[in-house]
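Asker:
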Amino acid sequence: MIRIESVTKRYPDGTVAVDQLSLDIPDGSITVLVGPSGCGKTTTLRMINRMVEPSEGRILLDGQDVQAQPVNTLRRSMGYVIQNAGLFQHRTIVDNVATVPRMLGWDKARARKRAMELMERVGLDAGLARRYPYQLSGGQQQRVGVARALAADPPVLLMDEPFSAVDPIVRKGLQAELLRIQAELGKTIVFVTHDIDEAIKIGNMVAVLRTGGRLAQFAPPDELLSHPADAFVEDFLGTDRGIRRLSFFTSAGLELTTAPVVAVDATAAQVAERPEAASTPFLLVTDTDGKPLGWADRKALAGGGAALDRAALQPYGRPFEFGRESLRDALDCAVLSPTGWAVAVDGSGRVVGVTSQETIGAAIRSAHAERERQQAARGTGLAKAAT
Amino acid sequence: MSAYFDIPSDLQHSYTGLIGVHLKEALLPVLFGLVVALPLGQLCARFKWLYPPVLWVTTVLYAIPSLAFFVVLIDYTGATETTVMIPLTVYSLVLLVPAIVDGTRAVPQETLAAATAMGFGPLRRFLQVELPIAVPAIIAGLRLAVVSSISLVSVGTLIGNQGALGNLLADGLFYHRTPLIVTSVVTTALLAIVMDGLLVLVQVLLTPWAPRGRKGARRVRSAAQEPDPGAGAAASAGPAALEDAVR
Numbered sequence: 001m002i003r004i005e006s007v008t009k010r011y012p013d014g015t016v017a018v019d020q021l022s023l024d025i026p027d028g029s030i031t032v033l034v035g036p037s038g039c040g041k042t043t044t045l046r047m048i049n050r051m052v053e054p055s056e057g058r059i060l061l062d063g064q065d066v067q068a069q070p071v072n073t074l075r076r077s078m079g080y081v082i083q084n085a086g087l088f089q090h091r092t093i094v095d096n097v098a099t100v101p102r103m104l105g106w107d108k109a110r111a112r113k114r115a116m117e118l119m120e121r122v123g124l125d126a127g128l129a130r131r132y133p134y135q136l137s138g139g140q141q142q143r144v145g146v147a148r149a150l151a152a153d154p155p156v157l158l159m160d161e162p163f164s165a166v167d168p169i170v171r172k173g174l175q176a177e178l179l180r181i182q183a184e185l186g187k188t189i190v191f192v193t194h195d196i197d198e199a200i201k202i203g204n205m206v207a208v209l210r211t212g213g214r215l216a217q218f219a220p221p222d223e224l225l226s227h228p229a230d231a232f233v234e235d236f237l238g239t240d241r242g243i244r245r246l247s248f249f250t251s252a253g254l255e256l257t258t259a260p261v262v263a264v265d266a267t268a269a270q271v272a273e274r275p276e277a278a279s280t281p282f283l284l285v286t287d288t289d290g291k292p293l294g295w296a297d298r299k300a301l302a303g304g305g306a307a308l309d310r311a312a313l314q315p316y317g318r319p320f321e322f323g324r325e326s327l328r329d330a331l332d333c334a335v336l337s338p339t340g341w342a343v344a345v346d347g348s349g350r351v352v353g354v355t356s357q358e359t360i361g362a363a364i365r366s367a368h369a370e371r372e373r374q375q376a377a378r379g380t381g382l383a384k385a386a387t
Numbered sequence: 001m002s003a004y005f006d007i008p009s010d011l012q013h014s015y016t017g018l019i020g021v022h023l024k025e026a027l028l029p030v031l032f033g034l035v036v037a038l039p040l041g042q043l044c045a046r047f048k049w050l051y052p053p054v055l056w057v058t059t060v061l062y063a064i065p066s067l068a069f070f071v072v073l074i075d076y077t078g079a080t081e082t083t084v085m086i087p088l089t090v091y092s093l094v095l096l097v098p099a100i101v102d103g104t105r106a107v108p109q110e111t112l113a114a115a116t117a118m119g120f121g122p123l124r125r126f127l128q129v130e131l132p133i134a135v136p137a138i139i140a141g142l143r144l145a146v147v148s149s150i151s152l153v154s155v156g157t158l159i160g161n162q163g164a165l166g167n168l169l170a171d172g173l174f175y176h177r178t179p180l181i182v183t184s185v186v187t188t189a190l191l192a193i194v195m196d197g198l199l200v201l202v203q204v205l206l207t208p209w210a211p212r213g214r215k216g217a218r219r220v221r222s223a224a225q226e227p228d229p230g231a232g233a234a235a236s237a238g239p240a241a242l243e244d245a246v247r
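Line by line, the protein sequences give chains A and B. Under UniProt numbering, the residues of the first sequence are numbered 1 to 387, in order. Under UniProt numbering, the residues of the second sequence are numbered 1 to 247, in order.
Have a look at this one:
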């Protein structure tokens, strides 16, 4: 664990970058430092590997003061990823990735072999190994940056706005890739960003810092959205907090019905047998494989699937993957659908049922209540631990 | 033809001998200049306040006529090659120091921070990161310094037989032998062009990592979508070298 103990960074001109900051950064998870510019988030990160020395307080790594070991030994035990990757433009990709292992005294062949493994791990084609950084796109360079940081298998990874300089689509891909790699490797990651959405998406814990380097709130993203500590955090989180929070609730428990679902080859009799669904005059028509085609009026289907005019089907918006996607996705699908009903599919795109906005609303309310109970329980747990 | 290569005996050198002396007197000062300029430029890049005074001093030194240098130096080093090479070394600094400072400053902040964060000490960082990345800028400075040094060696004529091809030029004027003048000027110009070309070659060999020319641009396009800022930068060498040498 990285423990930041009442750390202050004051510059000779009197500016206070970080003010009495204390944080316990848990092992094996992603902790995000987020805040507006001038909040000291990068300074805090750089104090962990001593690129900046604190004026007061101390930082412990697994109980040992980071000052206790030689600075370069400390740094080589922590991966570091920076904005724009900061690759060595005069070295090939494979040599960039092999930098720290080489410094640790590995022989060239072993370091390169390790570098090739890491390139694969971060999704880089082996054919890029002999290229130079200028021949790669920004997103590819950033992947190299991550591979380079992981090369010596450090337990700690420090990431300083690593994805800020790439376009939103590439950023989304890199974020997903980081979460995938983290699921495999379980590093202790400290991640700095100014983008609260990025913080909420990738953080297990999020520390919101305010200008002047003071901690505003340190909480899991879900709790941050539901219980912002003060007006600053609330303002920083922005609008749609409630909607955004729904992405932390699984759709797995959502009540589905197959009553209004018919296959396109259904006969008139089969359509007539369909029980009247609670509140919709529509039936969801699927192809013979079970994939959704669109919503049809009960009357239009009276003659069976054969008589159906496919062009007259109402669109279903987009389906959500049941169990994998969140209540936010389910609600979004329901809102997008002209009938107000969301279509749930399995991993291969086959319809497993449909659900109404009202049902989703009820699920949201019960999920909220459940989460409140959990948070209350954890709150008392923490209070106990503190006493 | 012999009119052009019939070197007067008072020069005490054959034609190739003159070329050898000329190159030695031109290149050694640049080499010494580089040895001084590397640490000096590095200090200027690191301590920003140092750069303006250093630049001021090198510029003022550059403004001192070589004759004035000779007058002072001749008491200590006599009418020797050394007396010619000391001012040339000093003159090269005005070109080399800014090249090294610019080259070192051109290393992106992210690259430096990443190197530090990976546990590079200052010396290792300088030798393995900053210096290699500064190579194109340093060679650009070297090309100017070498070409200007080759043209400046001729002033050695002022202290006797130390001007190499410059003395050939002086003899041509003295004996009214125009072919010798042509030989001297053309040879000096060719030396400058050849040395400049060699430095370009050295740069190409040292920097396989730099985007350059059409070939580089095409590879960039196929590999990624980044624009290619370095294209054509190396193209404009020849004519400039010629002008400088003739001047």
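Even for Gly, the Cβ is constructed at its ideal location relative to N, Cα and C. Predicted model only: the values in this text are computed from it and were never measured.
Restricting to Cα atoms, I'd like to know which of Leu43(B), Tyr15(B), Pro208(B) and Leu23(B) is closest to Arg105(B).
Answerer: Per the Cα distances, Leu43(B).
Asker: Check for me: the alpha helix (DSSP H) holding residue 467(A) runs from which residue to which?
Answerer: Not covered by the structure: residue 467(A). The range shown for chain A is 1 to 387.
Asker: Less than 8 Å separating the beta-carbons of Gln270(A) and Val264(A)?
Answerer: Cβ distance not < 8 Å, so Gln270(A) and Val264(A) don't count as in contact.
Asker: Quick one: what's got a C-beta closer than 6 Å to Lys215(B)'s C-beta in the same chain, skipping five residues either side?
Answerer: At Lys215(B) the pLDDT is 49, less than 50, meaning the model places this residue with poor confidence; the figure from the coordinates comes in the next sentence. Excluding residues within five positions, none has a Cβ falling inside 6 Å.
Asker: Can you find a C-beta in chain B that's less than 8 Å from the C-beta of Phe191(A)?
Answerer: For Phe191(A), the answer is no, since every Cβ of chain B falls outside 8 Å of its Cβ.
Asker: By the 10 Å Cβ neighbour count, where 16 or more other Cβ atoms means buried, how is Tyr51(B) classified, buried or exposed?
Answerer: The residue is buried, with at least 16 neighbouring Cβ atoms inside 10 Å.
Asker: Closer than 8 Å, CB to CB, is His194(A) near chain B or not?
Answerer: Not one chain B Cβ lies under 8 Å of His194(A).
Asker: Quick one: is Met205(A) buried, meaning 16 or more other Cβ sit within 10 Å of its Cβ, or exposed?
Answerer: Met205(A) is buried by the Cβ-count criterion.
Asker: Please confirm whether Ile133(B) has its beta-carbon closer than 8 Å to some beta-carbon of chain A.
Answerer: Yes, Ile133(B) counts as interfacial toward chain A.
Asker: Which residues in chain A sit within 7 Å of Trp56(B), going by Cβ to Cβ distance?
Answerer: Result: empty, since nearest Cβ-Cβ is about 28 Å, beyond 7 Å.
Asker: Does DSSP put Val107(B) in a helix, a strand or coil?
Answerer: Of the three classes helix, strand and coil, the one that applies to Val107(B) here is coil, per DSSP.
Asker: Within its chain, find whatever has a CB closer than 7 Å to the CB of Ala140(B); leave out the 5 residues flanking it on each side and keep chain order.
Answerer: Answer for Ala140(B): Ala99, listed in chain order.
Asker: Check Lys41(A) in the structure and name its three-state DSSP category.
Answerer: The answer is helix: DSSP assigns Lys41(A) an H, G or I state.
Asker: Use the C-beta contact count for Ala224(B): other C-beta atoms within 10 angstroms, 16 or more gives buried, fewer gives exposed.
Answerer: For Ala224(B), the pLDDT reaches just 40, beneath the cut-off of 50, and the residue's location in the model is therefore unreliable, although a value from the coordinates is still provided. The residue is buried, with at least 16 neighbouring Cβ atoms inside 10 Å.
Asker: Run the CB neighbour count on Val194(B), radius 10 Å, all protein chains shown included, and call it buried at 16 or more, exposed below.
Answerer: By the 10 Å Cβ count, Val194(B) comes out exposed.
Asker: With 8 Å set as the bound, which would you pick, yes or no: does the beta-carbon of Glu130(B) sit closer than that to a beta-carbon of chain A?
Answerer: So, not an interface residue.
Asker: Once DSSP output is grouped into helix, strand and coil, what is the label at Lys108(A)?
Answerer: Lys108(A) falls in the helix class under three-state DSSP.
Asker: Taking Cβ-Cβ distances shorter than 8 Å, what residues in chain A pair up with Gly121(B)?
Answerer: Going along chain A in sequence order, the residues near Gly121(B) (Cβ under 8 Å) are Asn72.
Asker: Going along the chain, which unbroken runs of the alpha helix (DSSP H) with 4 or more residues stay wholly within the segment 216 to 244 of chain A?
Answerer: 221 to 226 and 231 to 237, all fully within the segment 216 to 244 of chain A.
Asker: Assuming Leu87(A) contacts Val122(A) (C-beta within less than 8 Å), just tell me the rounded distance between them.
Answerer: With 8 Å as the limit, Leu87(A) and Val122(A) do not qualify as a contact, their Cβ atoms being about 13 Å apart.
Asker: Which residues in the same chain as Pro338(A) place their Cβ atom closer than 6 Å to its Cβ, once the five residues preceding and following it in sequence are excluded?
Answerer: Once the five neighbours on either side are set aside, the close Cβ partners of Pro338(A) are Gln314.
Asker: Spell out a yes or no on whether the segment 4 to 19 of chain B and the segment 176 to 191 of chain B are touching, meaning 3 or more CB-CB pairs, one atom from each, closer than 8 Å.
Answerer: Contact between the segment 4 to 19 of chain B and the segment 176 to 191 of chain B is present, because at least three Cβ pairs lie under 8 Å.
Asker: Would you mind listing the beta strand (DSSP E) stretches within the segment 324 to 353 of chain A that are 3+ residues and don't spill past its ends, in chain order?
Answerer: Counting only runs of 3 or more, we get 341 to 345.
Asker: Could you tell me whether the Cβ of Gly173(A) comes closer than 8 Å to any Cβ of chain B?
Answerer: Judged by the 8 Å Cβ criterion, Gly173(A) is not in contact with chain B.
Asker: Going along chain B, which residues have a C-beta under 9 Å from Asn76(A)?
Answerer: Reading off the sequence, residue 76(A) comes out as Arg, not Asn. Per Cβ cutoff of 9 Å: Met118 and Gly119.
Asker: Thinking C-alpha only, which one of Ile150(B), Leu205(B), Gly197(B) and Thr77(B) is nearest Val21(B)?
Answerer: Checking every option, the nearest Cα to that of Val21(B) belongs to Ile150(B).
Asker: Where DSSP assigns a beta bridge to Pro292(A), which residues make up the other side?
Answerer: Answer by DSSP bridge pairing, in chain order: Thr286(A).
Asker: Determine whether the Cβ of Thr99(A) lies closer than 8 Å to any Cβ atom of chain B.
Answerer: Taking Cβ atoms only, chain B reaches closer than 8 Å to Thr99(A), which makes this a yes.
Asker: Are the CB atoms of His194(A) and Val34(A) nearer to each other than 8 Å?
Answerer: Their beta carbons are under 8 Å apart, which means His194(A) touches Val34(A) by this criterion.
Asker: Rounded to a whole number of angstroms, what is the C-alpha to C-alpha distance between Ala26(B) and Ala45(B)?
Answerer: Looking at the two C-alpha atoms, the distance is approximately 27 Å.
Asker: Between which two residues does the alpha helix (DSSP H) carrying Tyr62(B) extend?
Answerer: It spans Tyr51 to Ala63 - the alpha helix (DSSP H) in which Tyr62(B) sits, taken as one unbroken run.
Asker: For Arg171(A), which option in Gln142(A), Pro12(A), Gly323(A) and Asp13(A) has the closest C-alpha, if you only look at C-alpha atoms?
Answerer: Looking at the Cα atoms, Gln142(A) is the closest of the given residues.
Asker: Applying the 10 Å Cβ sphere with the 16-neighbour rule, what's the burial state of Trp56(B)?
Answerer: When all chains shown are included, Trp56(B) counts as exposed.
Asker: DSSP state of Thr80(B), grouped into three classes?
Answerer: Three-state result, Thr80(B): coil.
Asker: Kindly provide the ranges of any alpha helix (DSSP H) runs that are 4 or more residues long and lie completely inside the segment 140 to 200 of chain A, ordered along the chain.
Answerer: Qualifying alpha helix (DSSP H) stretches, in chain order: 168 to 185.
Asker: From this set, Pro132(B), Val94(B) and Ile86(B), which residue's C-alpha is nearest Pro108(B)'s C-alpha?
Answerer: The option with the nearest alpha carbon to Pro108(B) is Pro132(B).
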